[in-house]
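Asker: So the sequence shown is numbered by this note's numbering: it starts at 64 and just counts up by one.
Here a beta-carbon is modelled for each residue, glycine too, at the ideal position from N, C-alpha and C.
Got a structure here, written out as C-alpha cells. Questions coming.
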Amino acid sequence: MILSLTESLQSCKDDLASCENELVSAKAEIQKWESAFKNDFFLPSRKTPEPSSVIDYIQKLKSSETSLKEQLEIAQMKLAIRDLKSQLVSASMKSEVESKQGSEAGPSSSSLGLLDQLMAANAQIKQLKHVQLAKLTATEKVQAEHAKTIASFKNAMMFLSQKCPDFVFPPPPPKDD
64 MILSLTESLQ
74 SCKDDLASCE
84 NELVSAKAEI
94 QKWESAFKND
104 FFLPSRKTPE
114 PSSVIDYIQK
124 LKSSETSLKE
134 QLEIAQMKLA
144 IRDLKSQLVS
154 ASMKSEVESK
164 QGSEAGPSSS
174 SLGLLDQLMA
184 ANAQIKQLKH
194 VQLAKLTATE
204 KVQAEHAKTI
214 ASFKNAMMFL
224 SQKCPDFVFP
234 PPPPKDD
C-alpha cells in the first residue's frame, strides 16, 4: 500500500511538473503576443491591449483588404477596357499614328478628324434615339386614346341596341376617292 501511494505521489509530481512547464510556455507565448501588440502602431503607448480593440483592429484590416481588392478589380477592369478600346482602333489608324509619331508628338489631323466625326456621329445617333423614343411614346398615347374612344363607342352602340332593338343605325358616309 505504501508502494502504491509512493507511485501515485510520484505520478502526481510528474503531472505537476509537466503542467508547470506548460504554464511557463503559455505565459511566454502570452508575453510574446502582449509585447507584439504593445509594440504595434495601432495601440496608444502605455496602454494594455484590450480584446475589443484587437478585434476592432482586425476587422478594420479585413475591411481595408476588401476595399483594396475591390479597387484592384476596378483597376483591372479599366485596364481591360482600355486594352479593348485600343484593339478597336483600325489598323490603318494605328499605322498612321505610328508613322507620324516619329515626326510629330501627336496623331495626324486626318485621324483627329475621323475621331471628331465618330464622336459627332455617336452624339447624333444618341439624339435620334431620344427623338425616336419620344415619337414612339406620343404615338402609343394617341393609340391608347383612340382605343378608349372606340371602346366607348362600342359600349354605346351595344347599349343602344339592347335598349332600342328597333333602332337602325345609319350607313357610313361614302368615301371620296
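#1: Could you tell me the alpha carbon to alpha carbon distance between Ser-81 and Leu-72, rounded to whole angstroms?
#2: Roughly how many whole angstroms lie between the Cα atoms of Leu-142 and Leu-135?
#3: Could you tell me how far apart the beta carbons of Val-117 and Phe-100 are, in whole angstroms, since I believe they sit closer than 8 Å?
#4: Along the chain, where does the alpha helix (DSSP H) containing Val-55 start, and where does it finish?
#5: Please report the straight-line C-alpha distance between Pro-228 and His-193, rounded to a whole angstrom.
#6: Given Ala-91, which residues of its chain have a CB within under 8 Å of its CB, disregarding the five upstream and five downstream residues?
Answerer: Taking the coordinates as given:
#1: Each residue's alpha carbon lies about 14 Å from the other.
#2: So the alpha carbons of these two residues sit roughly 10 Å apart.
#3: In this structure Val-117 is in contact with Phe-100, their Cβ atoms being roughly 7 Å apart against a cut-off of 8 Å.
#4: It is not possible to answer for residue 55, since the shown part of the chain is limited to 64 through 240.
#5: Cα to Cα, the separation comes out at about 51 Å.
#6: Counting only Cβ-Cβ distances below 8 Å, and skipping sequence neighbours, we find nothing.
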